[in-house]
């Protein structure tokens with residue numbers, strides 16, 4: 007567990023994005039950008055994921071899905087909001103069915119703006135997330151130690 | 184009678200990049216019924232026409248979907264141009280055709296990759312997406328964006344390509360064609376891929392028409408309908424024939440899409456060789472008044488754009504019937520009688536675009 | 187292009203027989219569209235065959251109901267449910283009725299009121 011930040015597993019969920027950012031997230035795992043060089047594996051299983059990449063704003067129906075996926079992920083975990091709609095709602099902000107950014111439903115650690123976010127900035131965001139993951143992990147370990155003593 | 188059970192599929196599923204939910208009714212391993220439920224991506228973009236200026240709305244309509252983005256902008260602009268009687272300059276029409284065909288190449292390559300991924304053929308997925316990067320690079324060079332371009336405007340396009348760029352694009356299409364051949368051969372002749380796709384999810388010609396299938400789905404069932412033949416943009420000046428196949432199974436759909444990539448590459452080269460010089464934009468005055476149904480051929484099939492306006496800055500109603508909306512009923516039909524293990528693959532063969540469907 | 191793309195107003199009584207005829211002649215259902223107008227709705231049903239597109243236009247008042255065409259064209263269920271849920275059009279006897287639970291949005295019939 008101490009080496010968590012060296013091989014995190016990544017989960018991607020499309021809240022209500024236009025596909026643009028989703029495709030770029032998927033693109034990051036292909037040879038050109040190759041996010042796997044950070045030891046990351048793209049998984050489909052929330053129970054084994056450390057990083058949640060989430061795209062698009064949150065609407066009435068996917069709210070419960072997002073909450074459920076977040077609660078299924080083990081601690082420590084980080085959430086990266088990819089794309090401007092995941093950050094604030096973006097162009098969809100005025101729509102009747104959009105509640106706003108992802109942070110209206112679950113806590114977000116890293117915001118990656120852009121419409122669509124470029125793969126370079128997504129990778130940048132994930133690398134930031136790795137640092138936060140390590141900090142969370144250290145804090146978690148410290149709290150465990152102090153509990154014992 | 185075997186015991187019936189219900190298996191939920193989605194919304195978060197490894198093969199689906201997008202959320203869609205199906206309730207599958209099973210008898211042992213065989214699917215007897217499938218009930219789709221959608222709405223995870225519904226935003227209500229059609230409603231925004233009431234609060235956004237009709238010229239500003241071009242940017243919204245392009246964000247209905249990140250894969251079909253250029254086509255949506257094109258359909259909406261053409262619909263308004265029809266209502267307002269605006270004649271688009273020929274160079275702009277050609278540029279639109281080139282970008283539209285580039286979108287088709289990128290969309291079909293993306294789909295091929297996802298199909299390979301769903302079959303577990305990881306290296307083929309990587310190969311397809313590696314090739315797709317070449318088209319994205321050209322998008323980046325010509326429009327400044329990889330996914331969302333925002334080059335359409337009512338009355339023409341916002342950006343021009345100079346001759347050097349057009350030559351470069353022509354070369355790139357040659358390179359892609361060369362690199363695509365081995366990938367296409369693998370999809371069409373490799374025995375594992377063939378055995379996975381052959382005879383799976385057969386949609387007969389009559390069923391395809393009655394169920395309202397469009398695009399490659401319809402053409403793979405033997406109906407030669409391609410909305411590009413209506414002659415919008417510069418398609419009237421270019422030589423091509425709709426690509427069809429008779430079998431109507433998953434293999435036929437794959438074959439049609441692969442052949443369409445080659446066709447699109449040839450269309451891009453044809454357009455580059457014929458593109459006239461001149462302005463790229465026609466000034467537009469006044470507000471739209473009237474209604475029109477516009478059909479265009481998106482990578483996934485025919486899309487219909489409807490605009491109703493009554494002379495104000497805001498249009499009254501905008502309706503977008505996307506190809507996937509039409510392709511979901513035939514998909515449900517195909518799912519009945521298939522094996523549970525084939526469901527992800529069958530869902531994928533319609534090339535679903537959920538964010539288009541729900542808007 | 188225009189001669190292949192027509193909009194034909196039709197009364198409610200003649201509507202279903204026309205749809206049946208389309209089905210006999212093997213037309214493809216292209217799209218359904220609802221428009222909110224003063225005191226009612228304007229429904230457009232488009233059918234396509236080869237490169238022709240014919241749109242039937244049915245006008246309704248707020249209280250009037252419209253029969254579902256899912257008996258003839260089962261594939262219409264998605265778009266009819268959408269009309270009912272987003273606009274509040276009263277569609278009768280949809281095969282596969284979601285009863286307003288297709289999109290499961292927070293607001294009821296958002297397209298019924300302007301703005």
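Residue numbers (my numbering), protein chains in the order written: chain E, 7 to 155; chain H, 184 to 542; chain P, 187 to 301. Each residue gets a CB set at the ideal place from its N, CA and C atoms; glycine is no exception.
- Take the alpha-carbon of residue 461 of chain H and the one of residue 274 of chain H: they are about 6 angstroms apart.
- Just measuring C-alpha positions, the residue of P/268, P/263, P/239 sitting nearest residue 479 of chain H is P/239.
- Excluding its 5 nearest sequence neighbours in each direction, residue 491 of chain H has C-beta neighbours in its own chain below 6 angstroms: 474, 499, 500, listed in chain order.
- Inter-residue distance for residue 64 of chain E and residue 106 of chain E is about 6 angstroms (C-alpha atoms, whole angstroms).
- Relative to residue 391 of chain H, the option among P/287, P/200, P/213 whose CA is nearest is P/213.
- Judged by beta-carbon spacing, residue 216 of chain P lies within the 8 angstroms limit of residue 234 of chain P, meaning their Cβ atoms are closer than that value.
- Ranking H/449, H/453, H/401 by CA distance to the CA of residue 433 of chain H puts H/401 first.
- Closest in C-alpha terms to residue 329 of chain H, from the list H/321, H/336, H/335, comes H/321.
- Shown here, residue 419 of chain H sits in a helix according to DSSP, grouped into three states.
- Taking 8 angstroms as the threshold, the shortest C-beta distance from residue 204 of chain H to chain P does not fall below it.
- Residue contact with chain P for residue 21 of chain E: absent (no Cβ-Cβ distance below 8 angstroms to any residue of chain P).
- If you keep only unbroken alpha helix (DSSP H) runs of at least 4 residues inside the segment 315 to 400 of chain H, you get 346 to 372, 374 to 380, 388 to 393.
- Under the Cβ distance rule, residue 48 of chain E does not count among the residues neighbouring chain P, no pair being separated by less than 8 angstroms.
- 8 angstroms or more divides the Cβ of residue 383 of chain H from the Cβ of residue 293 of chain H.
- Contact annotation: the segment 235 to 249 of chain H touches the segment 331 to 343 of chain H, with at least three C-beta pairs closer than 8 angstroms.
- Segment contact: the segment 88 to 105 of chain E against the segment 16 to 28 of chain E, three or more CB-CB distances shorter than 8 angstroms; contact assigned.
- Chain P has a Cβ within less than 8 angstroms of the Cβ of residue 102 of chain E.
- Restricting attention to P/264, P/289, P/291, P/219, the CA atom closest to the CA of residue 281 of chain P is found in P/264.
- Beta-bridge pairing by DSSP links residue 456 of chain H to no other residue.
- Taking 8 angstroms as the upper bound for CB-CB distance, residue 403 of chain H and residue 428 of chain H are in contact here, some 5 angstroms apart.
- If you look at residue 430 of chain H, you'll find it isn't in any beta strand (DSSP E); DSSP assigns it neither H nor E.
- Ranking H/542, H/286, H/342, H/534 by CA distance to the CA of residue 316 of chain H puts H/286 first.
- From the beta-carbon of residue 293 of chain P, the residues of chain E found nearer than 7 angstroms are 102.
- For residue 60 of chain E, the beta-bridge partners assigned by DSSP are E/19, E/87.
- Close to chain P, meaning a Cβ-Cβ distance shorter than 9 angstroms, are the following residues of the segment 411 to 425 of chain H: 412, 413, 414, 415.
- It is roughly 6 angstroms from the alpha-carbon of residue 520 of chain H to the alpha-carbon of residue 215 of chain H.
- Residues of the segment 48 to 79 of chain E whose Cβ lies closer than 7 angstroms to any Cβ of chain P, in chain order: 66, 67.
- Across the structure, residue 257 of chain P and residue 540 of chain H are spaced so that their CA atoms are roughly 23 angstroms apart.
- The CB of residue 97 of chain E comes closer than 8 angstroms to the CB of 242, 243, 246 in chain H, given here in chain order.
- Bounds of the beta strand (DSSP E) holding residue 216 of chain H are 213 to 220.
- Around the beta carbon of residue 210 of chain P, a 10 Å sphere encloses fewer than 16 other beta carbons of the protein chains shown; the residue is thus reported as exposed.
- Note on geometry: alpha-carbon atoms of residue 111 of chain E and residue 288 of chain P lie some 22 angstroms from one another.
- When the five nearest sequence neighbours on each side are left out, the beta carbons in the same chain lying within less than 6 angstroms of the beta carbon of residue 241 of chain P are those of 193, 230, 232, in order along the chain.
- Closer than 8 angstroms to the CB of residue 512 of chain H there is at least one CB belonging to chain P.
- Boundaries of the alpha helix (DSSP H) around residue 257 of chain H: 252 to 267.
- At a cut-off of 8 angstroms between beta-carbon atoms, residue 316 of chain H makes contact with chain E.
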